[in-house]
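A.B. asks: Per the numbering used here, the very first residue in the sequence shown carries number 4; after that it's consecutive.
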Amino acid sequence: MVETEQGSSEPKVKMSGGLNSLNSVSKKIQIRTKKKILGVVREQYLRSDIPCRSELCFESCQKGSNAVKSSEKVNLLPADTLHYLIPLTDVVAKYLDILETSVFKGLIFVQTVVNAVQQKKLKDYRRICSYVRDPAKSSVFFPNEFFTDTYLYRQTNESISSWTTRMVHKAGAWFYQHLGGQKPIVFISEDPNILEQLSTLSKNFNPETIQVLTLEEYLGLYSTDPSVLEMYEAMASSGDGEGNEMKDYSEYLRADMLEAGLKSGRMVSGLLNVNKYLSNREAYVTQSKAGKDSVYSGSDILIVGGINRNRAVHGDRVVVEMLPRSEWQTKTTALVKTEEEKEEGKTEAPEREWKKDTDTVMPTGKIVGMMERNWRRYIATVPSVDMDAMERSTGRKVLVCPFDRRIPKIRVQTSQLKKLQGQRVVVQIDSWPVNSTYPQGHIVKSLGKIGDLETEIDSILVENNIEVTPFSEGILNELPGIETVHDWRPDSAESTGRKDLRDILIMSIDPKGCEDVDDAISIRRLPNGGPIELGVHIADVTHFVPVDSLTDLEARKRATTVYLADRRYDMLPGVLSAHLCSLLGSVERYAMSVLWELHPTTFKVKKVWYGKTIIKSSYKLCYEDAQDIIDGKSSNEMKEKIQELSILSKADLKDKFEELKTTLELLTEVTSQWQHNRESAGALNLESTEVQFEFKESSLDGIKPKAHLAIHETVAECMIMANHWVARKISQEFPLFSLLRLHPAPKQENFEQLINCAKSKGWTITTKSNKELASSLDTCIDQTDPTVNFLLRSLATYAMVQAEYFSTGSVSQENWNHYGLALDKYTHFTSPIRRYADVIVHRLLMAAVSKADWWDGKNTREENLFDNEQLKELCQHINERNRAAQVAQRMSSLLFQTLYFKDMTLADERCIVDGVIYSLRANGFLVHIPAYGLKGPVYLENKEKEVLYNSRNGLVWQRGAVTKSDFYVKVETLDGTDVYKLFDHVTLGIQLKGSEAHGYELTYTLLEKGPHVTQESARQVDLPAKNSSAKDKAFNFYSATKERLSQEEDSDIELGTETDSTEGTSKVYRFFQDMKLKGATVMNKTTEDNS
4 MVETEQGSSE PKVKMSGGLN SLNSVSKKIQ IRTKKKILGV VREQYLRSDI PCRSELCFES
64 CQKGSNAVKS SEKVNLLPAD TLHYLIPLTD VVAKYLDILE TSVFKGLIFV QTVVNAVQQK
124 KLKDYRRICS YVRDPAKSSV FFPNEFFTDT YLYRQTNESI SSWTTRMVHK AGAWFYQHLG
184 GQKPIVFISE DPNILEQLST LSKNFNPETI QVLTLEEYLG LYSTDPSVLE MYEAMASSGD
244 GEGNEMKDYS EYLRADMLEA GLKSGRMVSG LLNVNKYLSN REAYVTQSKA GKDSVYSGSD
304 ILIVGGINRN RAVHGDRVVV EMLPRSEWQT KTTALVKTEE EKEEGKTEAP EREWKKDTDT
364 VMPTGKIVGM MERNWRRYIA TVPSVDMDAM ERSTGRKVLV CPFDRRIPKI RVQTSQLKKL
424 QGQRVVVQID SWPVNSTYPQ GHIVKSLGKI GDLETEIDSI LVENNIEVTP FSEGILNELP
484 GIETVHDWRP DSAESTGRKD LRDILIMSID PKGCEDVDDA ISIRRLPNGG PIELGVHIAD
544 VTHFVPVDSL TDLEARKRAT TVYLADRRYD MLPGVLSAHL CSLLGSVERY AMSVLWELHP
604 TTFKVKKVWY GKTIIKSSYK LCYEDAQDII DGKSSNEMKE KIQELSILSK ADLKDKFEEL
664 KTTLELLTEV TSQWQHNRES AGALNLESTE VQFEFKESSL DGIKPKAHLA IHETVAECMI
724 MANHWVARKI SQEFPLFSLL RLHPAPKQEN FEQLINCAKS KGWTITTKSN KELASSLDTC
784 IDQTDPTVNF LLRSLATYAM VQAEYFSTGS VSQENWNHYG LALDKYTHFT SPIRRYADVI
844 VHRLLMAAVS KADWWDGKNT REENLFDNEQ LKELCQHINE RNRAAQVAQR MSSLLFQTLY
904 FKDMTLADER CIVDGVIYSL RANGFLVHIP AYGLKGPVYL ENKEKEVLYN SRNGLVWQRG
964 AVTKSDFYVK VETLDGTDVY KLFDHVTLGI QLKGSEAHGY ELTYTLLEKG PHVTQESARQ
1024 VDLPAKNSSA KDKAFNFYSA TKERLSQEED SDIELGTETD STEGTSKVYR FFQDMKLKGA
1084 TVMNKTTEDN S
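1. What would DSSP say about Asp-547, mapped onto helix, strand or coil?
2. Report yes or no: do three or more beta-carbon pairs, one from the segment 927-940 and one from the segment 707-715, lie closer than 8 angstroms?
3. In this structure, does DSSP put Cys-914 in helix, strand or coil?
4. Between the Cα of Arg-257 and the Cα atoms of Ser-552, Pro-327, Ile-915 and Val-371, which residue gives the shortest distance?
5. Tell me which residue opens and which closes the alpha helix (DSSP H) that Thr-800 is part of.
6. Name the DSSP bridge partner or partners of Ala-286?
7. Is Asn-953 helix, strand or coil by DSSP?
8. Looking only at its own chain, which residues have a Cβ that is under 7 angstroms from the Cβ of Cys-760, when we skip the five neighbours before and after it?
9. Can you tell me the Cα-Cα spacing of Thr-3 and Leu-326, whole angstroms?
10. Can you tell me where the beta strand (DSSP E) holding Glu-536 begins and where it ends?
11. Can you find the residues in the same chain that come closer than 8 angstroms, C-beta to C-beta, to Asp-555, ignoring five residues on each side of it along the sequence?
12. For the segment 694-744, which segments carrying the alpha helix (DSSP H) assignment without a break, of at least 4 residues, lie completely within its bounds, in sequence order?
13. Using the three-state DSSP reduction, which class does Phe-190 fall into: helix, strand or coil?
14. Please return the same chain residues whose Cβ sits closer than 6 angstroms to the Cβ of Ala-405, not counting the five positions on each side in sequence.
15. With a threshold of 6 angstroms, establish whether the CB of Pro-1014 neighbours any heavy atom of the ligand ZN.
16. Which residues in the same chain as His-727 place their Cβ atom closer than 6 angstroms to its Cβ, once the five residues preceding and following it in sequence are excluded?
17. What residues are listed by DSSP as bridge partners for Arg-962?
18. Which one of Tyr-808, Cys-721 and Val-959 has the shortest CA to CA distance from Glu-883?
19. Asp-83 by DSSP, collapsed to three states: which one?
20. I'd like the span of the alpha helix (DSSP H) that includes Ile-166, first residue to last.
21. Just grab the DSSP bridge partners of Asp-522 for me.
22. Whole angstroms is fine: what's the gap from Leu-222's alpha carbon to Asn-207's?
23. Taking the beta strand (DSSP E) that Ala-594 belongs to, which residues open and close that run?
24. Which partner residues does Trp-612 have in the DSSP bridge list?
25. Tell me whether the beta-carbon of Thr-168 lies closer than 7 angstroms to the beta-carbon of Ile-197.
26. Using a Cβ-Cβ cut-off of 8 angstroms (strictly less than) and excluding sequence neighbours within five positions of Gly-963, which residues of its own chain qualify?
27. Do you know offhand how far Lys-126's Cα is from Ile-460's?
28. Can you tell which of Ser-230, Leu-265, Phe-660 and Gly-309 has its C-alpha closest to the C-alpha of Asp-631?
29. Distance check for Ala-719 and Ala-888, CA to CA, integer angstroms please.
30. Would you check if there are 3 or more beta carbon pairs closer than 8 angstroms linking the segment 534-544 to the segment 589-602?
31. Roughly how many angstroms lie between the CA atoms of Leu-338 and Tyr-255, to the nearest whole one?
32. What residue range does the alpha helix (DSSP H) around His-845 cover?
33. Whole angstroms is fine: what's the gap from His-929's alpha carbon to His-988's?
34. Please name the residue or residues paired with His-2 in a DSSP beta bridge.
35. Identify, in the order they occur along the chain, each residue of the same chain with its Cβ nearer than 7 angstroms to the Cβ of Phe-869, setting aside the five sequence neighbours on each side.
36. Tell me whether the beta-carbon of Leu-1110 lies closer than 7 angstroms to the beta-carbon of Ile-526.
Structure below.
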């Protein structure tokens, strides 16, 4: 829904009673919905006590106004600036990047301008909100449309543009007069008509006190930074196309034509997703709306080539016209082999297009309209070029290469090319003219040198639109000081209103080193053979974060804590996340608890209680220690590991340890039954690879997949049940505006790879329901190779769609289900320290409890809840922030993987690994590497059309062909045939390849057709290890590898050198072939000697 302001007609002014009289005016607006435009008349009140928020104010109006809360810290316009600046709508909408530079200070964003920007682009509106909250900007928002002294009524037949210009000028004139002429006022606009009207309105003022300037004139007068003027020139000229490179793009169709096409079913709309590895060649449109007669509903639309993509950028919401069925094509099945192919999106036609098999072709179309541009700031690299040649040919314009391969090169204008080369820069797209091959944009700022860790981390954050500014002084002033947290004690009055659980055994179980402890668990058998009481206790964040406080607003904006490989960026200040809200051991804390009474033998829930509690956690355990206790380690072994046990006497240790062990065993027993019940109903037990980085003295020391322990499932089951029961409670009391989490069933085509892999082992996977899928997976067990079992469940995970938050009033109840967990209602309640969704759910739960206990006279919390529309919008924001945090986490993991292997060569045994084939392609296969939890492609064909054949002397490149079947890839040459089947083990070498522009990545080179056998694995299966002597001490293959590589540097493996990847790989193969041939000769000689 979009609101469009129409101004106010001549009003009927009425007076409201009371000491503060308010004028009431009628205001006509248009509300644009998806279907129609509604005309609405709204009544608003004009105040007489709006503050100016200037340090120069001799009337102290900002102090005497109740418009500013006494506890709220707001920015003031500074006294030490040359003038106050009021930008008009056209400048704010187009040049906000420039206004955000250090040149500008003391800006007044008047409501009339801000409203107009909000209607055009919500993202820019949010940037303005952040701008006026930033103390360094010393700028303010001024609600001129609610102020008696600055509100002007729209004249008969006056245009909206004329009325808004008069409103803005009136606000500036009021500031000048209100401050007694102490500070000049400068209006900035680029629109000639607005400039002329402003000049006319200012004719009665001294030209030095009320100035009207263009942005270019202002920068020329007041900016000493040439980069800012350069940015302006680039943005001002961004609409100019490059006529000498015109592509066959077409103009977008008119809105009425698009609407007709959508209704008829000839067109569909959706989100554009570009293939990362074929960015210039292949993209897909995920449908959001198909016409009622459309036969394409539910399927993705293939967009082939740049012409058909027609200037759309990844993430744009577009309208697609369907091509005739005779022109439908198939998606690419080949792996992209080289950096050049990734860059240009090239691939050979026989591998991807014009296949007429109707079972494999996809609906194909071309983009003919734009519904919404979702351009953001992009990280890019300035190319290394000949400075003189570039300036002569392009006049300081250059194509920068975005880090994200899915984004096209962007043409920018800069005079600082030499300075910016070798650095990551932030770029914004301004326009993409129909006669230009590339979009036009400008450089916002430089982040730093490529390869510097902080630069790369900043790049990840910018790519995902994650802001990590320090918490403001106003937020910190709302909270207790960090120096006082160790002396904090619960308030006696607050404690009386809470259930006191300080005397029962409560424990937290978290990863090692965890500081933000959200949750704790308790379980005990009630006296006299009574039921079992199991409790989940969650940090009571809402006690410290009132609704709409500065802390609450900032947490809402961030939405989630962001976890990277070596750091985290908290949603809440550390005084809360690591101290007052963290359920640390042996300290008293406020909590929100769910307590179940369970049947003593069946563990079925008999009764549930929700409410505020006060707890004192008895133990702060890590997963490994809890698992060790369950597995039978003694009290003496665990005493030194668990702080709460280490201080006990020998006599107390025995009793306390036995109590803790019994508690953990009972918890495991109960949750195992709960999990079994859910899995019987169709819950999926899936797998995913999580990589763990090991740091030693702030340097990266190791990388490995995270170990899976049974205690992980125990704790997870407690949290799942708490989330489920809270979801039931809040949706029962507030069925129209509760925040829940849904997980829809995947599309059946998502399971194709899983089904095919299982079929290769003779198994059948049924995917009609989650229950059938879970049962099928349970029958797919390879007793000899657990990696097969892991990979099948991983493929099931890949088939899933992402779960999302939603407002119950916006989704019909039959669609509330959580597919993966097999629960009819689910939410997030258990991590309010790091998820804002949980904060909302805590407030909903307390309001639900209060509503259910209406007779207690405390039913006041419902006033602080969001309605359905507000909650729907907030859920969209939280979902976006969660996705961004997840992508940032993955990018961080990839960065640290490359850092770990950065200086290693194939002489390092850590680079020689075992891989398992789990997916086949037309020119290779994808592998999983259990040792590191990595996945990636392996190529069997190079760009010269040579294939990799396992000859008697080892793997060599030679003429041949690669063919793909359902269960294997076959390499055929004149010398013989190799077959690589799904789930085969192969020996791989890990190398670092890539480019500065897109970042380095790990590549995997096939070294041997068979599995990699180490000393340890050889002992396990009773095989001779490759790096151990058999009866002889003749030839150590990997020792020879190290010796050879130490004598000759292979520059292709070094970080920072870009070469043809196939050539580098060929050298590696030749080297290993030489070593293998030498090994075979020595081994033959040794055999002869022994005989």
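We put the CB at the ideal spot given by N, CA and C, even for glycine.
C.D. replies: In this structure, then:
1. According to the sequence displayed, residue 547 carries Phe and not Asp. DSSP places Phe-547 in helix when its eight states are reduced to three.
2. yes
3. helix
4. Val-371
5. 789-802
6. Val-277 and Ile-306
7. strand
8. Leu-795, Leu-798, Tyr-921 and Leu-985
9. Beyond the ends of the chain as shown, which are 4 and 1094, falls residue 3; an answer cannot be given.
10. 535-542
11. Val-548, Pro-549 and Val-842
12. 713-736
13. strand
14. Checking the sequence, you will find Pro at residue 405 rather than Ala. So the qualifying residues of the chain are Tyr-381 and Ala-383.
15. The ligand content of the structure shown is nil, which means the ligand ZN is not present either.
16. Leu-826 and Tyr-829
17. Glu-949
18. Tyr-808
19. coil
20. Residue identity check: residue 166 is Trp in the sequence provided, not Ile. Residues 163-181.
21. Ile-541
22. 26 angstroms
23. 591-601
24. Leu-598
25. yes
26. Glu-949, Val-950, Tyr-952, Val-974, Glu-975, Thr-976 and Leu-977
27. 23 angstroms
28. Phe-660
29. 21 angstroms
30. yes
31. 33 angstroms
32. 839-855
33. In the sequence under discussion, the amino acid at residue 929 is Leu, which differs from the His named in the question. Rounded to whole angstroms, Leu-929 to His-988 spans 12 angstroms at the Cα level.
34. The structure shown does not extend to residue 2, since the chain is modelled only from 4 through 1094, so no value can be given for it.
35. Phe-740 and Leu-877
36. This structure cannot settle anything about residue 1110, because the visible part of the chain is limited to 4 through 1094.
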